[in-house]
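Read in order, the letters of the sequence shown are residues 1 to 144 in UniProt numbering.
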Amino acid sequence: MLNYAKYKCVFDLYFSIYDDVEPCLQKWKNLGKSICVYSSGSVQAQKLLFGKTEKGNLLPLFSAYFDTNVGQKIESKSYTRIAQKLNCQPKDILFLTDVSKEARAAAEAGLQAVLLSRPGNAPLSSQDYKDFLVISNFNELNVL
């Protein structure tokens, strides 16, 4: 028998996101952009997280979810598979990440890769700043 009290606390949590994320996602969605998630967490976990954020349910903002079933995030072929599943050219995908190895794999597959430098993230190298556009806030993206 499940201990309801133990599990109830999980569903009473609201997941924190940066203040710039929800308004930017909403703006991009309103501009007709498809927004997808690629995470090392399962698709089910992604939906649980984005379904209950402190900014509300963000699930309607996303068009597709990808996890490591398409491959590891540091392998370029994973990004090629995602482009195929989205039925688009890799060059038409903008990939945002805070992990330079992921950005390099995405760029190798032909995606446009942007690195995020946020408080608490692993520091980026000087080479990362040379190789990629580095932003600290989604509002810095003028390309959309």
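Idealized CB from N, CA, C, for every residue including glycine.
Buried or exposed (CB count within 10 angstroms, at least 16 for buried), residue i
| i | result |
| --- | --- |
| residue 103 | buried |
| residue 38 | buried |
| residue 145 | Outside the displayed range of the chain (1 to 144) lies residue 145, so it cannot be described from this structure. |
| residue 129 | exposed |
| residue 115 | buried |
| residue 42 | exposed |
| residue 126 | exposed |
Residue interval of the alpha helix (DSSP H) (run including residue i)
| i | result |
| --- | --- |
| residue 21 | 21-30 |
| residue 107 | 100-108 |
| residue 122 | It is not in any alpha helix (DSSP H) - residue 122 carries neither H nor E in the DSSP assignment. |
Range covered by the beta strand (DSSP E) that runs through residue i
| i | result |
| --- | --- |
| residue 37 | 36-38 |
| residue 97 | 94-97 |
| residue 89 | No beta strand (DSSP E) contains residue 89, which DSSP labels as neither H nor E. |
| residue 114 | 112-116 |
Among the options, the one whose alpha carbon lies nearest that of residue i
| i | options | result |
| --- | --- | --- |
| residue 51 | 15, 21, 64 and 71 | 15 |
| residue 26 | 119, 62, 122 and 118 | 62 |
| residue 60 | 70, 109, 46 and 72 | 46 |
| residue 24 | 125, 122, 96 and 126 | 96 |
| residue 132 | 121, 94, 120 and 119 | 94 |
| residue 106 | 79, 119, 98 and 87 | 79 |
Local conformation of residue i per DSSP, three classes
| i | result |
| --- | --- |
| residue 51 | helix |
| residue 127 | helix |
| residue 4 | Because residue 4 carries a pLDDT of 38, less than 50, the predicted location of this residue cannot be relied on, and the following value inherits that uncertainty. Residue 4: helix per DSSP, three-state reduction. |
| residue 9 | With a pLDDT of 39 at residue 9, under the threshold of 50, the modelled position of that residue is not reliable, and the figure given next carries that caveat. Of the three classes helix, strand and coil, the one that applies to residue 9 here is helix, per DSSP. |
| residue 133 | strand |
| residue 18 | coil |
Any chain B beta carbon closer than 8 angstroms to residue i
| i | result |
| --- | --- |
| residue 33 | This model lacks chain B altogether; it includes just one protein chain. |
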